[in-house]
Every structure is written in C-alpha cells, then in structure tokens.
Amino acid sequence: MSPPGGRRSGVGDPVAAAVARAFRDERAAVLATLIRHVGDFQIAEDAVQDAFAAAVVAWRRDGVPANPGAWITVAARRKAIDLLRRDRSLADRAARLGQLARLDAQEHPSVSEASAIADDRLRLIFTCCHPALDLPARVALTLRTLGGLTTGEIARAFLVSEPTMGKRIVRAKRKIADAHIPYRVPADEELPDRLRGVLRVVYLIFNEGYSASEGDRLVRGELCGEAIRLGRLLGELMRDDAEVWGLLALMLLHDGRRGARVDPDGRYVALGEQDRSSWDRDLIDEGVRALERAVRLRRPGQYQLQAAITALHVQAPDPEGTNWAQIAELYGALAKLSPSPVVELNRATAVGFASGPAAGLDLLEPLLRDPALERYQPLHAAHAELLRRARDLPGAARAYERAIALSANAVERAELERRLATL
Amino acid sequence: MPEYMLLLYSPEFDPAEAAEREAELPVWMELNESLREAGLLVANGRLHPADSATTVRVRDGETEVTDGPFATTKEILGGYYLLDCSDLDEALRHAARLPIARFGSVEVRPVMDLSAMQASYQAATEEK
C-alpha cells in the first residue's frame, strides 16, 4: 500500500502533503478499526487504499477537511461496504454489512465502540505478530500494515525481490483468513509470552535497519525509524509494561548514534572514536527518559538491561570515563536472565576494561573452546583486542587475521585490517 | 460395522488446474449425496491448502508453534480429531494437550467452510 501520488511528492503541493501526512499518521488506526469491522485483512486494506485515492481527488476539489482521519474513516467504511457487497465468499457477510451500515448511520461512535477503537492497533500488532505465522512474514506484515513502507521498500530493505515480498505478505494475510487467526489482544495469561514475541519482531526490524551490512542504507534507516515508531506506539498502548519502555529506550539510544558510526568516506567508526557532538541528543534524551520510566516500573528485563548498558556508554564524557565496572555488572545480570554467547562475549570485553585484559581473557576462554563459535567473527575481533592490550602481539595478529577472514562487512573488515596494521 | 477413514492426497495445483478442479464440484456433491443416502457417510470435509497449516509440538514442557506442515518423514499419520473451535488459538491450545504432541507433532489444518464455498460456486454459475 502506498499513498497515491508517491511518498515524497508533498513538497509545494498542500493537498498532496495533507494526503501524505494523513497516510503516515492515520492509516494504521483507520485500517486497524476497519479490519475489526470487516473481519478480513484484504478487503479492509483495499478499502483504505481506495479511500486515500479518493481523498486526492476530493480534497483537491473541496479543500482539505478539518479532520482528515475522520474523512478517511468514513470513506474507507463506504468502500468496504461496496467491496463486501460484491464478495460472496465471506461466511458472515450479511452480519458484517449490517454492522457497517449501522456505524455509517451514526454520527458519533457509541461508548463501547469508542473503547474498542482504542485497542484496535494493539489487536493489529498482536495479529501481525502471531506465532502461527513464520517470522519473516510477521516482520513483513507488521511493516506493511502498521508502518508506512511500501512492499517495494520492504523488499529492498530485506534484499528480496518485490514479487517475493508481495507473495510473502499475501500468503500471511490468506493464512490469517483461512486459519482464523483471531483479531484480539491476548488474554492476561498468554499476554506476557505473546508480548515478548511482538517485541522480538520490533527489535528485529530495528536491527535489520541498524546493522546495515549490505543494501540500501537509506531504506535501512527507515526501518530503524519504523521500529521506533512501533516502539512509541506500544509505549502509548501498553503504558505499564517495563520491557516495552526498555526496548524503546534501547532503540533510541542506538539510533541517536547511527550517523556517527560511519565517517564521510564510509569507514566504520568504533564507539570510542565517534564524534560525540554528532550524536542526535533529542533521540538520546528521549531514550534516557524511556529507560527511567521502565526502571520505575520495577520489573527488570533483558531490553532494560541492554538499554542501561547503552545509556552508560552514551552518558560517559569520553571513552576513558566510561563506567566499565557497572557495565560488567549489568552484563552479569543479563547473562543470568538470558544467557547467550553474545552476552558472555560482551561481559568479557567489559571486564577486560574494568579489571584488566587478563581478567577479560579468562572469561573468553570457554567461548574460544566452543566449536559452535569457531566461525563467530565478533569473538575473534574481541579476542584480538584483549590480546593486543595484554601485549601478546603475535597472538593478537593471529586473532585479527581470523576475524578479517570471517568478516562479511566491507566497512568492518577495513577497520580490522587497520588495527592489524598498527600492531 | 467397522469404520474407515479415506485420506485424500493430491499434488498442489496451479490456478488453471484449480479452475478445472472447481468445475468438478457437482461430481463431489453427487458422490457425497449417494454415500449419505446409503448411510455410509460419517463426516467429510475439504481442507484449506497446506500453507494454512500450523504445527504444534510440546518439548520440555514448552509449546512450540510453527508455521506450515512440518511432519518429519519418520512420522506417520496416527489419528485425527475434528474440533469445532472459535478460532485458531483455541485449536492450538487443545492440540498442545494431546499426549502425542510431546513426542510427535500435531498438524492443525482449517477445514473449508462449505456454505461459503457453495455460495461462491452458486454465484459463479449464476453469472454464467
């Protein structure tokens, strides 16, 4: 789905700009409510798309309405009634049509309808992230229905062809319809588990944009933006969940430094060497506020711990002033909560700074013996750094060579080669 | 009288073949009617395509839900349940309760809504 007239044609054309703004700000909410009324993703999406196309013509003729969201809601509902009249395959078509007609006759939504509307975007998120859909489909569907990206843009960001991505989204929508995946916020007993799944999808979208190992950097930056928008929306809809705020904080604190990670020549810049004045302070401040909010809820979780670690990095006046002892402690807590080789590796690095390279190398020892991590590039890069600081230069050179051989990212490889050369 | 289950297999077909298969619908309906009249038909149904399937397994007390029919070649069809549920979540919940989910897998496939199928078939023939 894309705004009629193209995403970026708003400059200098007030009607096109108003349509683009309504598309960005209102589309997900209108779509989410219409899916509940129609009971079918595809019909609701087609109706919303038609409503935006109609807006371009009508707003140019009659002027931009005072409440564009309300205009689109009514237009989309009427398009949905047209589409439902023509589609006989839906089992409860008559009941759906009756409900839509009743809504169309009301000037203001009833109290029960108004409270249902408040939860519609949450229903949409949980349905798009349902575990009966495979993970790539959850990611694509979430971006497509809740975000503002076109299928083509999602395809480019994930390095697949547009028809492939289109098929993935169509198939997911068909499964939701055929298998009757419910359109609702899960009951309390399933909510924690299902919310973890939602946060995982959002973080995956963010990381896909942030890692930027290949592909179109601009589109990948939009993925970070979309993930943060979803994080803010979840914060608005689930205000009392600490991990929702923890994830939002984590993404904001990373994204605030995105521009500083690559220099004008496209070379990777390590955290310690980044120009701190080029960080986006607004994003970082918002991230710190989100983290404080999470901590006040007193339900620690993995995203909050990761955000707290990132905040310590960001808040240090310079690399030497970083509180490595506290970072090492937070990694220790994270290792207890969700143990993984990545966490162990980062803990070893932090301990290496807090208590000296020998202590870090001790922690690295079991990881280096694990055959499953033999080809894990960051392990060898971190090993090389610790050996260099421990003054074992031949050992460091061997570890750098191993890391270079395993690196898939040109920017990162160049940086490792530079460090090897300075030994 | 002993009961027998007839399991229907076919390759997945493309849209052109699908139209051909749809045209055979009266043959199926006639056949079902004759089985019903003879008092032989207990239940029958048409399943949605395999990509609407969800597989449920329970390992170490954790329910694993995966998209698609992922039975391993060593697993053989051993039984069936036909449940009337309000949605997929309810069906998955009961699938996870079956003891076989702990060592085998339960494939949950939606059965096609025949009344909607017949309505769309009638609509198509009326248009002709």
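As given, the protein sequences belong to chains A and B, one line each in that order. Take 251 as the starting number for the first sequence in my numbering and just add one per residue. Take 403 as the starting number for the second sequence in my numbering and just add one per residue. Positions of the beta carbon are idealized from the N, C-alpha and C atoms, including for glycine. Model, not experiment: these values are computed from the prediction.
Q.
Give me the subset of the region 422 to 453 of chain B whose CB atoms are less than 9 Å from a CB atom of chain A, sorted by chain position.
A. H450, P451, D453
(Q) Just checking: is the beta-carbon of A/L393 within a distance shorter than 8 Å of some beta-carbon in chain B? (A) Stepping through the first sequence from its first residue, residue 393 of chain A is reached at position 143. Closer than 8 Å: no.
Q: Please name the residue, chosen from A/G398, A/E403, A/R482, A/I375, that lies closest to A/P436 on a Cα-to-Cα basis.
A: Translated into positions along the first sequence, residue 436 of chain A becomes position 186. Just measuring C-alpha positions, the residue of A/G398, A/E403, A/R482, A/I375 sitting nearest A/P436 is A/I375.
Q: Determine, using beta-carbon pairs with one atom in the region 505 to 522 of chain A and one in the region 548 to 558 of chain A, whether at least three such pairs fall under 8 Å.
A: no
Q) With 16 other CB atoms within 10 Å as the buried threshold, where does B/E414 fall? A) The residue labelled residue 414 of chain B in the question sits at position 12 within the second sequence. Exposed, by the Cβ-count rule.
Q. In three-state DSSP terms, what is A/D568?
A. The residue labelled residue 568 of chain A in the question sits at position 318 within the first sequence. If DSSP states are grouped into helix, strand and coil, A/D568 belongs with coil.
Q) Expressed to the nearest angstrom, what Euclidean distance is found between the alpha-carbon atoms of B/E424 and A/E412? A) Walking along the second sequence from the start, residue 424 of chain B turns up at place 22. Walking along the first sequence from the start, residue 412 of chain A turns up at place 162. About 30 Å.
Q: Give the residues of chain B in contact with A/D428, contact being defined as C-beta atoms less than 7 Å apart.
A: The sequence position of residue 428 of chain A within the first sequence is 178, counting from 1. Those are H450, S454, P512, listed as they occur along chain B.
Q.
Does the distance between the C-beta of B/P501 and the nearest non-hydrogen atom of the ligand FMN fall short of 7 Å?
A. As presented, the structure is devoid of all ligands, the ligand FMN included, so that no description of it is given.
Q: On the DSSP bridge assignment, give the partners of B/L449 in chain order.
A: The count along the second sequence starts at 1 and reaches residue 449 of chain B at position 47. Its beta-bridge partners are B/V513.
Q | Continuous alpha helix (DSSP H) assignments of at least 4 residues falling wholly in the region 384 to 448 of chain A | A | 385 to 396, 401 to 407, 412 to 428
(Q) According to DSSP, A/V265 sits in a beta bridge with which residue or residues? (A) The residue labelled residue 265 of chain A in the question sits at position 15 within the first sequence. In the DSSP output, where bridge partners are listed per residue, A/V265 has none listed.
Q: Pick out whichever of B/Y482, B/D489, B/A452, B/E464 has its Cα sitting closest to the Cα of B/F472.
A: Position 70 of the second sequence, counting from 1, holds the residue named residue 472 of chain B. For the residues B/Y482, B/D489, B/A452, B/E464, the minimum Cα distance to B/F472 belongs to B/A452.
Q: Tell me whether the beta-carbon of A/T395 lies closer than 8 Å to the beta-carbon of A/C379.
A: Taking the first sequence and counting its residues from 1, the one referred to as residue 395 of chain A is at position 145. Taking the first sequence and counting its residues from 1, the one referred to as residue 379 of chain A is at position 129. No. Outside cutoff.
Q. So what's A/R258 in DSSP terms, helix, strand or just coil?
A. Position 8 of the first sequence, counted from the first residue, corresponds to residue 258 of chain A. Any answer about A/R258 is weak, because its pLDDT of 49 lies below 50 and its placement is not dependable; what the coordinates show is given next. The answer is coil: DSSP assigns A/R258 none of H, G, I, E or B.
Q) Quick one: what does DSSP say B/D469 is sitting in, helix, strand or coil? A) The residue you call residue 469 of chain B lines up with position 67 of the second sequence. Of the three classes helix, strand and coil, the one that applies to B/D469 here is strand, per DSSP.
Q: Put B/T474 into one of helix, strand or coil per three-state DSSP.
A: Counting from 1 along the second sequence, the entry for residue 474 of chain B is found at position 72. Looking at B/T474 - three-state DSSP - the assignment turns out to be coil, as it is neither helix nor strand.
Q) DSSP on B/E464, reduced to helix/strand/coil? A) Start at 1 with the first residue of the second sequence, and residue 464 of chain B comes out as number 62. B/E464: strand per DSSP, three-state reduction.
**Q.** At least three beta-carbon pairs within less than 8 Å, the region 487 to 505 of chain A to the region 560 to 580 of chain A
**A.** Proximity of the region 487 to 505 of chain A to the region 560 to 580 of chain A meets the contact definition, three or more beta-carbon pairs being nearer than 8 Å.
Q: Please say whether B/D469 and A/L383 have beta carbons closer to each other than 8 Å?
A: As a working note, residue 383 of chain A is residue 133 in the first sequence. As a working note, residue 469 of chain B is residue 67 in the second sequence. Yes. Within cutoff.
Q | Secondary structure of A/T672, DSSP reduced to three states | A | If you number the first sequence from 1, residue 672 of chain A lands on position 422. Residue state, collapsed to three classes: coil.
Q.
Counting only C-beta atoms, is B/V467 closer than 8 Å to chain A at any point?
A. The count along the second sequence starts at 1 and reaches residue 467 of chain B at position 65. Closer than 8 Å: yes.
Q) For B/D489, which residues in chain A fall below 8 Å Cβ to Cβ? A) As a position in the second sequence, residue 489 of chain B is number 87, starting the count at 1. Within 8 Å Cβ-Cβ: H430, I431, P432.
Q.
According to DSSP, is B/V458 part of a helix, a strand, or is it coil?
A. Translated into positions along the second sequence, residue 458 of chain B becomes position 56. B/V458 falls in the strand class under three-state DSSP.
Q) By a C-beta neighbour count over all protein chains shown, 10 Å radius and 16 as the cutoff for buried, is A/R258 buried or exposed? A) As a first step, residue 258 of chain A must be located in the first sequence, where it is residue number 8. Note on A/R258: pLDDT 49, under 50, position unreliable in the model; the coordinate value appears next. A/R258 is exposed by the Cβ-count criterion.
Q: With 8 Å as the threshold, decide whether the Cβ of A/A267 is near any Cβ in chain C.
A: Structure shown: chain C not included; protein chains present are A and B.
Q. Are the region 420 to 433 of chain A and the region 354 to 365 of chain A touching by the rule of at least three beta carbon pairs closer than 8 Å?
A. Touching, no.
Q.
My parser needs the alpha helix (DSSP H) runs of 4 or more residues fully inside the region 404 to 449 of chain B; what are they?
A. 417 to 425, 427 to 439
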